[in-house]
Amino acid sequence: MRAPTPLSLHDLTALTRTYAAEVAAGQHPVQEDPLHRWSRRLVADDVVDVWLISWTTDQIAELHDHAGSLGALTVVRGELVEQRWVAGRGLRSRTLHSGRGASFPLGHVHDVANTRAETAVSVHAYSPPLTAMSYYDVSPAGILRRTRTELTNEPEKAPETLSV
Numbered sequence: 008m009r010a011p012t013p014l015s016l017h018d019l020t021a022l023t024r025t026y027a028a029e030v031a032a033g034q035h036p037v038q039e040d041p042l043h044r045w046s047r048r049l050v051a052d053d054v055v056d057v058w059l060i061s062w063t064t065d066q067i068a069e070l071h072d073h074a075g076s077l078g079a080l081t082v083v084r085g086e087l088v089e090q091r092w093v094a095g096r097g098l099r100s101r102t103l104h105s106g107r108g109a110s111f112p113l114g115h116v117h118d119v120a121n122t123r124a125e126t127a128v129s130v131h132a133y134s135p136p137l138t139a140m141s142y143y144d145v146s147p148a149g150i151l152r153r154t155r156t157e158l159t160n161e162p163e164k165a166p167e168t169l170s171v
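Numbering (the numbering used here), first residue to last: 8 to 171.
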C-alpha cells in the first residue's frame, strides 16, 4: 500500500521540529486568544501544510482524526496532553512537554488539550494538506464511534473548552 504523500512521519516530525526552533527563536509571532485556539498557517503547498497554534488554559480539540493525512506536532512552549485511541485498550493519555512531540499515522484518533495555566504553543504538519477531519465519541461500553466528518483546511478547527 502506497502512502498518501511523499513525506513520511519522520519527515513531518523533522519539519515540525525545524519550525518549532524558529518559533522559539522569535521568527514567527505567536498570539493568544482566551476563547478560541489561535492558529496561523506557516507553509501551504500541494504536499504539506504547517500550522503554528497557541492553546490557552483549558482549550481542547475534540476527539478526531486527520482523514487521509499523516501528521506530526512539536510542542514549542508549555505542555499538551494527548488522549489517543488505542484499539483494544481505549483512550490512553500522554503528556507532551516542551521540545517533545508526536506523530499521527493514518487512522490515529486523538484529542489534544492544554490543562495548565501557561499558554502552550505547538507546531503541526499535515501531509497531504488537510481536507477533512472525522470526529468521534466513545460510548459507555468503550466503543469508538465516528459522529461526523467535516471538510476543512484548518487543524482542529472546532475549538472547545474543558469543563472544570
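Beta carbons are placed, not taken as given, at the ideal position from N, Cα and C, and that holds for glycine.
Given V172 as reference, the closest of T63, V93 and G78 once Cα atoms are compared: No answer is possible for residue 172: it lies beyond the span of the chain, which begins at 8 and ends at 171.
is_contact[H104, chain B] using C-beta, thresh 7 Å: Among the chains of the structure shown, chain B does not appear; only one protein chain is present.
Buried or exposed (CB count within 10 angstroms, at least 16 for buried), P13: Within the sequence shown, the letter at position 6 stands for residue 13. Exposed, because fewer than 16 other Cβ atoms sit within 10 Å of the Cβ of P13.
Can you tell me where the alpha helix (DSSP H) with H117 in it begins and where it stops? Position 110 of the sequence shown, counting from 1, holds the residue named residue 117. Per DSSP, H117 is not a residue of any alpha helix (DSSP H); the beta strand (DSSP E) it occupies stretches across H117 to A120.
Starting from V50, trace the alpha helix (DSSP H) in both directions and tell me its first and last residue. Position 43 of the sequence shown holds residue 50. It is not in any alpha helix (DSSP H) - V50 instead sits in the beta strand (DSSP E) that spans W45 to A51.
Using the C-alpha atoms, what's the distance from R152 back to V57? The sequence position of residue 57 within the sequence shown is 50, counting from 1. The sequence position of residue 152 within the sequence shown is 145, counting from 1. Cα-Cα distance, rounded: 28 Å.
Opposite L151 in the DSSP bridges: which residues? As a first step, residue 151 is located in the sequence shown; it is residue number 144 there, counting from the start. Paired residues: V145.
Helix, strand or coil: which one does DSSP assign to V30? The sequence position of residue 30 within the sequence shown is 23, counting from 1. Residue state, collapsed to three classes: helix.
Of the residues I150, P162, E89 and V128, which one's Cα is nearest the Cα of R24? As a working mapping, residue 24 is identified with position 17 in the sequence shown. Taking only the C-alpha atoms, the option nearest R24 is V128.
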